[in-house]
Every structure is written in C-alpha cells, then in structure tokens.
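Data first, discussion second: the structure below is written as structure tokens.
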Amino acid sequence: MCGIVGYVGNKSVVDILIDGLEQLEYRGYDSSGIAVMCDTEIKVYKAIGKLKNLREELCGHEKEFSSTTMGIGHIRWATHGAPTLLNAHPHTCNCGNLVVVHNGIIENYKELREDLAKSGCVFKSQTDTEAVAHLVARKYAQCKDLKEAVRLASYEIEGAYALCVMHNECKNTLVITKRNAPLLIGIGDNEFYAASDVPAIIKHTNKAVYLEDNQIAELTPESMEIVDIENNKINPKIEILPWEPVALSKMGYKHFMLKEIHEQPDVIRNILVGRLHAPDEHVVLNEVKLNHETLTHLERIQIIACGTSLHAAMIGKYLIESFCGISVDVEASSEYIYRKTVTNERTLVIGVSQSGETADTLTAIKQAKAKGAHILIVTNRPDSAMAREADSLIPVNAGIEVSVAATKSYIAQLMAFYLLALYMSEIKDSIAPSTLTSLKTELMLLPQKIEQILSQKDNIQNVARNYANTKDFIFIARGINYPTALEGALKLKEISYINATGYPAGELKHGPIAMLDETMPVLSILMNGSVYEKLLSNSEEAKARNARMIALTNSRDEKLNYLFEHIIKVPDVQELFSPIIAIVPLQLLAYYIAEFLGKDVDQPRNLAKSVTVE
Ligand code: M6R
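Okay, so the sequence shown: first residue is 947 according to this note's numbering, each after it adds one.
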C-alpha cells in the first residue's frame, strides 16, 4: 500500500521521481524518500509526512544530484514500523551499496531478519523491507549480477512485493520485480520508468509493459531485459496506455474530491455509451460472457468487495434479486477469504473494486476462481490484477479517481449493477418489456437529475455548516437505501473523522436509539417509495428523543417541515434509482463538513486509495 517509482535514462532524475510520487500520493503519504545514483555513490534523501516535506528536504542539495539520471523513489503507508525516518524507504544494506524500495508485505520477514542477523546484518529499521535489502546484497556479493541477485532472492521471499533495486557497482542498471503487487514499466526514448501505477508515468510515455508476477526486469538507458524466476527470457507485451494526463488536474476545484463529485453526471453518460442506446434497445455488455445456459444453471451469486465498493455490491444484490430473482450473497472480501464458502462451477462471483488491486478482494477472487466459479469483475481499472483474473468484465469508465474518498467510482459501480441486472433480466426474460423500457428511460435521465443537485450545492454547504462541530452522526434509511446510509456515514467519517454510523432505520429501537439526545444529528434518507411511511415513523421516533433531525428527501410533503430541522431536497426518481440520487448530497455534506473543519480532504489521515495489503 505504498507507491514506488524508478527511472533510468538521460534526463535529470529527481523531478521525475518526485512528480511520479506526487501522482502516487493516493497510495500512502506518511513518509517518502528517494535514492539517486550520484557521480561517486548512491545518495538517499527521506522525509516524514507529506511529499512536500521531501521536496523541502531536497532544497539545498541540488548540486549533489544535478547530473543524476537514475534513481528510485517511494511514498509510504506504514505497515511494519511507525512512520519514522528510519522506517522510511529507500532501505539500504549495511555497506550502503544497495538500495531498495518496496510496496507490499514480506510475510516471512521475521525469519529472514533472524537468518540475516546471524550472518552479521545489522537492522536499522523495523520494516519488513530492510530484510530484502540485506538479502539481495548477500546474493549480489556471491554472483556480482544485480538481476541475478534479485532473481535468487525471489526464491526466499514470501508475500507480496513490487521492488526497485539499485547498486553502487551497477551505475546504469535498475532492477525491478513483483509478486502480487502492481508494477509497470514505461518505455521512452533511451529511457525506462518503473511505477506502481499509470499516473506516475503517463506524463512521459503511454507505452508500457505490465510486469507479471515473478518476472525480473533489468533496465538500462539502452535496454530492457526481462526473465522469469527460472531465468527464461520473456518477450514483453508492450501496451498503449489509455489514460489522459489532463485527468489528473483539479481543473479549478479546491479538491479532487469536489471535482470528482462534479464529474458524476458525465461518468453516468460515459458508462451508458455503447451499452444502452435507447430505452427500447437491449443492454449491451460486450465483455460479459453470461448466456441463457449459464444463468439457468446458476445456483447462487456471491458479490465480494471492500469499503465503498461493498456498499455498491449491497445495492447490486438488491437489484439482481429484484430484477432477476436469483439469490445473491454479499460479503466483505476480508471475511470471505477466511471461511469455507459454498462456491463452485455453478456460482457467479462478482468482484467489485475501483482499483482492481485491493488485496483482500484479489485473494477472494483467486480462491473463487480456483473453485471453478465464473468470475465477473466490476472495476475502474480494466488493466488491473483483478481484471486479468476475469471471465467477464464490466469496466466502469469513471476515469482516474485521485481523492482517497471514493465518489464517482461508486456511482459508476452502481451504474454497472443497474446495467448488469437489466442485462441478466433480459436474458432470463424476468421483467415485462414495458417495465424494462420505463426503467431504462429513468436510467438515462439520471445525469440531468444529478446536475440539478450540483446546481444547488450551496444549500448543502449551509446545512453542513450547522453540523461541522458535532461529535457523532447517524444516518438512517431502509430498503435499497440502507447501503446509501452506510456509504454516507463512511464518507463523513473518513474525511472529517466524525464518528458516523449508518443504520437500517428499523434497527434504531433495538439499541441505537439509546444514544439519541439533543446533540445527536440523525439524517433520514427519506425517498418516495415502498418504505417511505415506515421510515417517516422511524424518524418520528428519533425526533421524540430530541435528536437533531435532517431529511434527505424527494418528497414534497409539507409535514416534513415540522419534523426536520433541515431538509435537503433532491429531484424525484423511481425508488429503484434513488441510491444514485441520494448519495450525491451525502458526498457533498461530508465534503463541506470536512472542509469547514479544515481537514485534508483528498488525503485523509491513516488511509490510502489502494489497499494492496491484507
Ligand atoms: O479499490 P477498491 O474499490 O477495491 O477499494 C475498496 C476500499 O478500500 C475503498 O472503497 C475505500 O473504502 C475508500 N476509501 C472509500 O471511500
């Protein structure tokens, strides 16, 4: 859950590394560091905290690295050892000749440390990574070939890793490798880049090779040589990357999160392009390989995901069960992987992940695949590790999401589930054609309705101002919007650090109601439909306990004015589509509260965008 970059070529390296790390800050930001090959030796610079601290640390050292054209960099999200200078990467072997940056977790690091300590290695940090530095240095001392040293070390390292390694004796050579962690090579003119993710290199090149697990690449300005762990030469597949650099700019918004919230109408339009042309046409999902036969033989569907993607999955369950009548289970990936699931050839397993790299979901997917399940992946990254495991794929086309708090990718995942549920119902013939047409008509109107909400965002900002100083926050809903309550609470807690919880409103009186008093805000997601009256009566129960009541509603019922202190009005919509409409004001509410509190909205503490460790 860190970000790594590397460069070897003919350009001055420091800016390339720092710019690259900046694009990877979403992966972690509690410390950072670079190592550059200077005239006489490798020099290492590190700083605790945000990348700007490393920039400051480098000021005044420019002369030392003005002519350097090779280096590696790292941005850390601490796993083993606190975010201190000693634990920050790059890590070195005892003599300082070899440096390494690492993303992932070395599972057998304790055994490696013990073994290496016995042979004289002295450890300076508490990290798992330092063991790799000593181990590769030991191998290098035996074979005097850096690529070979990394290859030999790979046999002894267990766990997940992407590594970039340099050695003082190999002035023009960068060696990189990976296992169960992302790493790609960018190809320029007489230069190569290495990075954990596309944004770190896209400014320089769109030609890339995705390194596969257990492959080792030796990069020099003139050459790229890749071998597998058995030293067989690999012919790399060069791909053209699809991302545009402009996607990484804030485009005038104060934060990426606000920009990404505003992109949501277009995200919906994008995902519909080529998939739903008109209300009376079929849904087209070219990369989904489910047909009448597979659906008829299906015994169950399991959807696995984490965090926000899990909330999208919960709504997916609601839609698939309503539209297609197939039983669906939803589970957090981190739970799924540690129990005996009933998964076989007659199971459709849907993995949902913005990044496509989340370690728990990836492991769960691999387990399900090994049991013979059909794997369908819903992801924003069709180039990700999860996508590569897929039998069927729905790329959600939300564009790069920089803010750690997921917003537009959530809306895109919901859209993927609407399309999938409609697509499956068409195959199964489970919905009357006239109902299908009306559902599709409504689906195509959603972007305008979100635009309407965005145009009234000042009202939400005003509401937010009233709650910025609260300690706790409760979101209640029922039916298809219960996951919306969970997602609203998750957004608020992750960026404002306010203790927020989502409840199915019917559960209030089974315990949570005890917490209600005049200090507790309760936001009721009161959308017209089958559970409206029930939720209204739950809201009255909360009001009777003096809670500070807020409604998010598309009802125009006058009596709401007496019940609620604040009302956030949204456009009318069929109940089935209300999660798309309801989440946007909740994202804005969380955003404005966090902004009032002066929090670091795009990079909340302790979090990272892509959780590539279990
Ligand atoms: O990339 P993924 O969708 O697999 O990530 C899952 C969660 O880590 C992610 O949704 C996380 O909860 C976000 N910070 C939510 O805003």
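Glycine is no exception: its CB is placed at the ideal position from the N, C-alpha and C atoms.
Asked, Found
"Have a look at the DSSP bridge pairing and note the partners of residue 1132.", "1139, 1154"
"Alpha carbon to alpha carbon, how far is residue 1520 from residue 1504? Give it in angstroms, no decimals.", "20 angstroms"
"Please identify the residue among 1046, 1098, 1278 whose C-alpha is closest to the C-alpha of residue 1075.", "1046"
"Is it buried or exposed, residue 1381, if we count other Cβ atoms within 10 angstroms and call 16 or more buried?", "exposed"
"What is the C-beta distance between residue 1536 and residue 1441, in whole angstroms, given that I count them as a contact (C-beta under 8 angstroms)?", "6 angstroms"
"Are the segment 988 to 999 and the segment 1174 to 1181 in contact at 8 angstroms, needing three or more beta carbon pairs?", "no"
"Under three-state DSSP, which class holds residue 1232?", "coil"
"With DSSP run on the structure shown, which of helix, strand or coil describes residue 1028?", "coil"
"Taking the alpha carbon of residue 1336 as the point to measure from, which residue in 1345, 1325, 1344, 1200 has its own alpha carbon closest?", "1325"
"So, are the CB atoms of residue 1070 and residue 1032 less than 8 angstroms apart?", "yes"
"Alpha carbon to alpha carbon, how far is residue 1138 from residue 1159?", "19 angstroms"
"Considering only the alpha carbon of each residue, which of 1422, 1128, 967 lies closest to residue 999?", "967"
"Going by C-alpha to C-alpha distance, which of 1099, 974, 969 sits closest to residue 1175?", "1099"
"What is the DSSP secondary structure of residue 1483, counted as helix, strand or coil?", "helix"
"Please list the terminal residues of the continuous alpha helix (DSSP H) segment that includes residue 1445.", "Not the alpha helix (DSSP H): residue 1445 falls in the beta strand (DSSP E), residues 1445 to 1450."
"CB of residue 1497 to nearest heavy atom of ligand 1: below 7 angstroms?", "no"
"Using 7 angstroms as the cut-off, classify the Cβ of residue 1352 as near or not near the heavy atoms of ligand 1, replying yes or no.", "yes"
"Once the 5 residues before and after residue 1077 are set aside, which same chain residues still bring their CB inside 7 angstroms of it?", "1052, 1055, 1058, 1059, 1062"
"Are the Cβ atoms of residue 1049 and residue 1108 separated by less than 8 angstroms?", "yes"
"DSSP three-state label for residue 1407, please.", "helix"
"Take the Cβ of residue 1329 as the centre, count every other Cβ of all protein chains shown within 10 Å, and call the residue buried at 16 or more, exposed below.", "buried"
"Taking CB distances under 8 angstroms as the criterion, tell me whether residue 1492 reaches chain C.", "Checking the listed chains, one finds no chain C in this structure; it contains a single protein chain."
"Roughly how many angstroms separate the alpha carbons of residue 1437 and residue 1124, rounded to a whole number?", "33 angstroms"
"Taking DSSP as the reference, what is the three-state secondary structure of residue 1269?", "helix"
"For residue 993, list the residues DSSP reports as bridge partners.", "978"
"Check whether the Cβ atoms of residue 1574 and residue 1249 lie closer than 8 angstroms to each other.", "Residue 1574 is absent from the structure shown; the chain starts at 947 and stops at 1560."
"Do residue 1311 and residue 1297 count as a contact pair if the criterion is CB distance below 8 angstroms?", "yes"
"Name the residue from 1087, 1089, 1528, 1126 whose alpha carbon lies nearest to the alpha carbon of residue 1105.", "1126"
"Taking 7 angstroms as the cut-off, is the CB of residue 1557 close to at least one heavy atom of ligand 1?", "yes"
"Leaving out five residues before and five after residue 1228 in sequence, what residues of the same chain have Cβ atoms less than 6 angstroms from its Cβ?", "1372"
"What are the uninterrupted segments assigned as alpha helix (DSSP H) that are 4 or more residues long and contained completely in the segment 1273 to 1324, given in chain order?", "1279 to 1282, 1305 to 1316"
"Under DSSP, the beta strand (DSSP E) around residue 962 begins and ends at which residues?", "Not the beta strand (DSSP E): residue 962 falls in the alpha helix (DSSP H), residues 959 to 969."
"What does the alpha-carbon distance come out to for the pair residue 955 and residue 1167?", "4 angstroms"
"Pop quiz: residue 1213 and residue 1083 are said to be a contact at Cβ under 8 angstroms. What is the actual Cβ separation, rounded to whole angstroms?", "About 47 angstroms; that fails the 8 angstroms criterion."
"Is it true that the segment 1238 to 1258 meets the segment 1378 to 1392, where meeting means three or more beta-carbon pairs spaced less than 8 angstroms apart?", "no"
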